[in-house]
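Heads up, the thing below is written out as structure tokens.
Numbering (my numbering), first residue to last: 3 to 124.
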């Protein structure tokens, strides 16, 4: 089954390259940037911390290249973006990482009663 998944992924990448170009092929990035790692880990419990060898998948490399060129190269934007990205990663992955983290986040938003629906939707 894994072989079929890999084959399907390779076929999709080939189609994307053929019709849309390299900028749309997902890329793996490690967590070697200490600011990004600190921004993400600042929201994660101790048992879920990310390390330099861990990887994230950038689904839109072209978009992030343009974002970097227009905004992230400016010193003031870098730290804010990394904090936003860290919070977003935790928001998106919290149901898979920590029930406590999810409940705390929803309680801060006055939505603790929707915790089960939130975990199900993720």
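Beta carbons are placed, not taken as given, at the ideal position from N, Cα and C, and that holds for glycine.
The Cβ-Cβ distance between residue 47 and residue 85 does not fall below 8 Å. Straight through space, the alpha carbons of residue 68 and residue 77 are spaced by roughly 16 Å.
Per DSSP, the continuous beta strand (DSSP E) segment holding residue 29 begins and ends at 29-32.
Here residue 117 really is in contact with residue 105; their C-beta atoms are around 6 Å apart, less than 8 Å. In the displayed model, residue 59 falls within a strand according to three-state DSSP. One thing to note: residue 100 has its Cβ no nearer than 8 Å to the Cβ of residue 34. In its chain, beyond the 5 residues on either side, 97, 104, 108 and 113 have a beta carbon closer than 8 Å to the beta carbon of residue 120. Per the coordinates, the alpha-carbon of residue 28 lies some 33 Å from the alpha-carbon of residue 110.
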